[in-house]
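Read the structure below first, then the notes.
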Amino acid sequence: MPVPEIVKQVKAAPLFQHVGEAIDDKTVKTAADWPACLASLQGNKWVNIGTSMMNRIFAVADATHDPDWMGRRWDSVIDSRKAQITRAIGPALQPVMRKNKLPKSFEYFVVGDILKAWLLTEYPDKPAADWSDLVMKWYLAGHVPCGYTGAVPAGKSTDPTRLPDPAKGKLVVF
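Mapped onto the working numbering, the consecutive letters of the sequence shown carry residue numbers 158 to 331.
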C-alpha cells in the first residue's frame with residue numbers, strides 16, 4: 158500500500174525538536190512542561206475530540222464499503238497503517254520518550270493523530286479534517302498538540318457530531 162504524503166511529511170519533519178520552545182501564535186496556548194502536556198493529552202476533552210474524529214472517519218468508511226467489509230478488513234487496515242507510521246516516526250519518537258520518561262500512551266496519541274490524518278485522505282470528512290489539519294500543523298512544526306481550551310458540545314464521546322469549532326477555543330501545544 159502506498160504511503161500517503163502526510164506520512165512522508167511527518168517522516169521529514171523536525172518531530173519534537175521544538176517542544177518546550179516559546180510559541181509566538183495567539184491561536185494556541187502553550188503547555189508548561191511534559192507533565193502538563195501529558196495531563197492535557199489524557200484529559201477527557203482531548204480524548205473525546207480524538208474519539209469523535211475517529212467515529213466520523215469510521216462512519217465514512219462504513220458508508221463507502223459493502224456491509225461485510227468493515228468486519229472483515231477494518232482491523233487489518235488500521236493495524237497495517239499504524240505499523241507503517243510507527244516505523245516512520247520511531248527514530249524521532251523513541252529518543253524523546255526515553256529522555257523524558259514518557260509513557261507508552263504518548264506514542265499511542267502521536268500514532269493515532271497521524272493515523273487519523275492518513276485515514277482522512279481515504280475517508281474524507283470536513284470537520285474531522287479541519288481538526289486533523291490543525292493538529293498536524295504543529296507536529297510538522299516540531300511541537301506536540303495536546304489539548305483544547307474551548308468547550309466540547311454536549312453528548313456522548315461516541316457521538317460523531319461532537320467536534321467543537323476549533324475557532325471557539327485555543328489548541329494547547331507543547
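Heads up, the beta-carbon is just placed ideally off N, CA and C, and yes, glycines get one too.
Per the contact definition of three or more C-beta pairs closer than 8 angstroms, is the segment 175 to 184 in contact with the segment 264 to 273?
Taking a cut-off of 8 angstroms for Cβ pairs, the segment 264 to 273 and the segment 175 to 184 do not touch, as fewer than three such pairs fall below it.
For a quick check, are the C-beta atoms of Phe266 and Gly307 less than 9 angstroms apart?
For Phe266 and Gly307, no; Cβs fall outside 9 angstroms.
Any idea what DSSP makes of Lys283, helix, strand or coil?
Secondary structure of Lys283 (DSSP, three-state): helix.
Spatial distance of Gly312 from Leu320 (CA atoms):
When rounded, the separation of the alpha-carbon atoms in Gly312 and Leu320 is 10 angstroms.
Compute the Euclidean distance between the alpha carbons of Lys327 and Tyr305, then round it to the nearest angstrom.
The straight-line gap from Cα to Cα measures roughly 6 angstroms.
CA-CA distance, Leu195 and Pro161?
Going from the Cα of Leu195 to the Cα of Pro161 covers about 28 angstroms.
Which residue marks the beginning of the alpha helix (DSSP H) containing Thr221, and which one marks its end?
Asn201 to Thr221 is the span of the alpha helix (DSSP H), which, as asked, contains Thr221.
So within the segment 226 to 269, which uninterrupted alpha helix (DSSP H) runs reach at least 4 residues, ignoring any that extend past its ends?
As far as the segment 226 to 269 is concerned, its whole alpha helix (DSSP H) runs of at least 4 residues are 226 to 257.
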